[in-house]
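There are 2 protein chains.
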Amino acid sequence: MSMSPTESRSPVSDPVEAVDLVDLADLQPFSVWGTDVRARKLEGELVTLAVVELAPGAVVPEHRHRNEQLGMCLRGSVTFTLDGQTRVLGPGGTWRIRSERPHRVVAGPDGAEVIDVFSPTRDDWDFPFEERTTPRWPG
Amino acid sequence: MSMSPTESRSPVSDPVEAVDLVDLADLQPFSVWGTDVRARKLEGELVTLAVVELAPGAVVPEHRHRNEQLGMCLRGSVTFTLDGQTRVLGPGGTWRIRSERPHRVVAGPDGAEVIDVFSPTRDDWDFPFEERTTPRWPG
Numbered sequence: 090m091s092m093s094p095t096e097s098r099s100p101v102s103d104p105v106e107a108v109d110l111v112d113l114a115d116l117q118p119f120s121v122w123g124t125d126v127r128a129r130k131l132e133g134e135l136v137t138l139a140v141v142e143l144a145p146g147a148v149v150p151e152h153r154h155r156n157e158q159l160g161m162c163l164r165g166s167v168t169f170t171l172d173g174q175t176r177v178l179g180p181g182g183t184w185r186i187r188s189e190r191p192h193r194v195v196a197g198p199d200g201a202e203v204i205d206v207f208s209p210t211r212d213d214w215d216f217p218f219e220e221r222t223t224p225r226w227p228g
Numbered sequence: 090m091s092m093s094p095t096e097s098r099s100p101v102s103d104p105v106e107a108v109d110l111v112d113l114a115d116l117q118p119f120s121v122w123g124t125d126v127r128a129r130k131l132e133g134e135l136v137t138l139a140v141v142e143l144a145p146g147a148v149v150p151e152h153r154h155r156n157e158q159l160g161m162c163l164r165g166s167v168t169f170t171l172d173g174q175t176r177v178l179g180p181g182g183t184w185r186i187r188s189e190r191p192h193r194v195v196a197g198p199d200g201a202e203v204i205d206v207f208s209p210t211r212d213d214w215d216f217p218f219e220e221r222t223t224p225r226w227p228g
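One line per chain: the protein sequences are A and B, in this order.
Using the numbering used here, you'd call the opening residue of the first sequence number 90 and step up by one each time.
Using the numbering used here, you'd call the opening residue of the second sequence number 90 and step up by one each time.
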């Protein structure tokens, strides 16, 4: 497929060539835990920064990974369970998940948009990119 | 100074003892580039996640650091200069700054709140914590 010069300057699905000042709306979404949990990501060398959209009531089952994970709720609410603590977190609610700690998330009745940051990068995230759509946040 | 049991459970200025599900409003701010650029932070082992408040017109002069930095605008706007590109970024605008790349930021007329993520952690951030205040975002 040939690309116009404009298209070739925004290969957002290729982190190696991607430009470094990009709007979230120009990043392609992908499904992480079924289509109820979709994300867009920035990939660095040490860090993956994801903006994740959770549908109302979406469940991220208990899981763990070697990557450290820090995050914050942007809109809506999530019920977070981590190390025996369970808290409902709204906008500005944060989490800090150390390597290999099990955690579980359930989105509230209005769903949620959150940021999640991982280090090392999520090299295991090989989900196929989907059609570009308007992110729910910032709308 | 003695602490009540309640106080001793929220030592947010001590990352070693801090709980892992915390509201942004419970994190103490500190000034990064004078009082016009204040931040609150979560500290991991590999990542520092900061929510930064920039006053209207605040200037972060060109600088560089070994830490990789990814970030996103939450509210307001910033004019970002990085590697010869300059862009005005509103909510959902993102940046990816590789190690040692010079960058400069000027906040828009309404100021801005942004997230900034660094790896390795910002061990050079030894700014004194200030009185807890209500974060401008989410308000």
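C-beta atoms are modelled at their ideal positions from N, C-alpha and C, and glycine is treated no differently.
For clarity, every value in this text was computed on a predicted model and none was experimentally measured.
State the start and end residues of the unbroken beta strand (DSSP E) segment that holds F207/A. The residue you call residue 207/A lines up with position 118 of the first sequence. That run of the beta strand (DSSP E) goes H192 to S208.
Cα separation between L113/A and A139/A? For this step, residue 113/A is matched to residue 24 along the first sequence. For this step, residue 139/A is matched to residue 50 along the first sequence. Whole-angstrom Cα-Cα distance: 10 Å.
Using only CA atoms, which one of K130/B, L110/B and D109/B lies nearest to P118/B? As a working mapping, residue 118/B is identified with position 29 in the second sequence. Checked all of K130/B, L110/B and D109/B; the closest Cα to P118/B is K130/B.
Between W184/A and chain B, is any beta-carbon pair separated by less than 8 Å? Locating residue 184/A in the first sequence gives position 95, where the first residue counts as 1. Yes, W184/A lies at the interface with chain B (some Cβ there is under 8 Å from its Cβ).
Can you find a C-beta in chain B that's less than 8 Å from the C-beta of S120/A? For this step, residue 120/A is matched to residue 31 along the first sequence. Judged by the 8 Å Cβ criterion, S120/A is not in contact with chain B.
Limits of the beta strand (DSSP E) - the one that G160/B falls within: By one-based count along the second sequence, residue 160/B stands at place 71. Segment E157 to L171, the beta strand (DSSP E) holding G160/B.
How about T168/A: is its C-beta nearer than 8 Å to some C-beta of chain B? Taking the first residue of the first sequence as 1, we reach residue 168/A at position 79. Chain B, which has no Cβ nearer than 8 Å to the Cβ of T168/A, makes this no.
Rounded C-alpha distance that separates G133/B from N156/B: Numbered from its first residue, the second sequence carries residue 133/B at position 44. Numbered from its first residue, the second sequence carries residue 156/B at position 67. Near 14 Å, if we compare the C-alpha coordinates of N156/B and G133/B.
Give the DSSP-derived three-state secondary structure of D112/A in the structure shown. Along the first sequence, read from residue 1 onward, the residue named residue 112/A stands at position 23. Looking at D112/A - three-state DSSP - the assignment turns out to be strand.
Round the Cβ separation of V136/B and S166/A to the nearest angstrom and send it over; I've been treating them as touching at under 8 Å. For this step, residue 136/B is matched to residue 47 along the second sequence. For this step, residue 166/A is matched to residue 77 along the first sequence. Their Cβ separation, rounded to whole angstroms, is 24 Å, which puts V136/B and S166/A out of contact at 8 Å.
When the Cα atoms are used, what is the spatial distance from C162/B to P191/A? Looking up residue 162/B in the second sequence gives position 73. Looking up residue 191/A in the first sequence gives position 102. Looking at the two C-alpha atoms, the distance is approximately 30 Å.
Continuous beta strand (DSSP E) stretch holding W214/A: start and end: Start at 1 with the first residue of the first sequence, and residue 214/A comes out as number 125. First-last for W214/A: undefined, no H or E at that position.
DSSP three-state label for S120/A, please. Position 31 of the first sequence, counting from 1, holds the residue named residue 120/A. Three-state DSSP puts S120/A in a strand.
Here's the rule: buried if 16 or more other CB atoms are within 10 angstroms of the residue's CB, otherwise exposed. What is P145/B? For the purposes of this step, residue 145/B is taken as the residue at position 56 of the second sequence. Exposed, since its Cβ has fewer than 16 Cβ neighbours within 10 Å.
Please list, in chain order, all residues of the same chain as D205/B whose beta carbon is under 7 Å from its beta carbon, the five residues on each side excluded. Along the second sequence, one-based indexing puts residue 205/B at 116. Around D205/B: A139, V141, Q158 and G160.
By alpha-carbon positions, which one of V121/B, A128/B and T124/B ends up nearest to W77/B? No information on residue 77/B is available, as it lies outside the stretch 90 to 228 that chain B covers here.
Excluding the 5 residues flanking D103/B on each side, which residues of the same chain have their C-beta closer than 6 Å to its C-beta? Taking the first residue of the second sequence as position 1, residue 103/B is located at position 14. Its pLDDT being 40, under 50, D103/B is placed unreliably in this model, and the value from its coordinates should be taken loosely. Result list for D103/B: empty, nothing under 6 Å.
Using the Cα positions of A147/B and D125/B, report the straight-line distance between them to the nearest angstrom. Mapped onto the second sequence, residue 147/B falls at position 58. Mapped onto the second sequence, residue 125/B falls at position 36. Near 6 Å, if we compare the C-alpha coordinates of D125/B and A147/B.
So, under 8 Å CB-CB, V194/B and V149/B are touching, yes? Tell me the CB distance rounded to an integer number of Å. The count along the second sequence starts at 1 and reaches residue 194/B at position 105. The count along the second sequence starts at 1 and reaches residue 149/B at position 60. Yes, they are in contact, since the Cβ atoms of V194/B and V149/B sit about 4 Å apart, within 8 Å.
Please confirm if G181/A has its CB atom under 8 Å from at least one CB of chain B. Here residue 181/A refers to the residue found at position 92 when the first sequence is read from its first residue. Taking Cβ atoms only, chain B reaches closer than 8 Å to G181/A, which makes this a yes.
Give the secondary structure of V105/B by DSSP, where H, G and I count as helix, E and B as strand, and everything else as coil. Sequence index remark: in the second sequence, residue 105/B carries index 16 (1-based). Because the pLDDT at V105/B is just 37, under 50, the model does not fix this residue reliably, and the value given afterwards should be weighed accordingly. V105/B falls in the coil class under three-state DSSP.
Exposed or buried, what is E96/A when buried is set at 16 or more other beta-carbons lying within 10 Å of its beta-carbon? Translated into the one-based positions of the first sequence, residue 96/A becomes position 7. Confidence at E96/A is low in this model, with a pLDDT of 40, below 50, so its placement is unreliable and no value can be given for it.
Since I believe L110/B is in contact with L143/A (beta carbons under 8 Å), could you give me their beta-carbon distance rounded to a whole number of angstroms? Reading the first sequence from its first residue, position 54 is the one you call residue 143/A. Reading the second sequence from its first residue, position 21 is the one you call residue 110/B. Actually they do not touch by this definition, with Cβ atoms about 17 Å apart.
If you measure beta-carbon to beta-carbon, which residues of the stretch 134 to 145 of chain A are closer than 9 Å to chain B? Result list: E134, L135, V136, T137, L138 and V140.
Give me the Cα-Cα distance between D213/B and V121/B, rounded to the nearest whole angstrom. Along the second sequence, read from residue 1 onward, the residue named residue 213/B stands at position 124. Along the second sequence, read from residue 1 onward, the residue named residue 121/B stands at position 32. When rounded, the distance between both Cα atoms is 11 Å.
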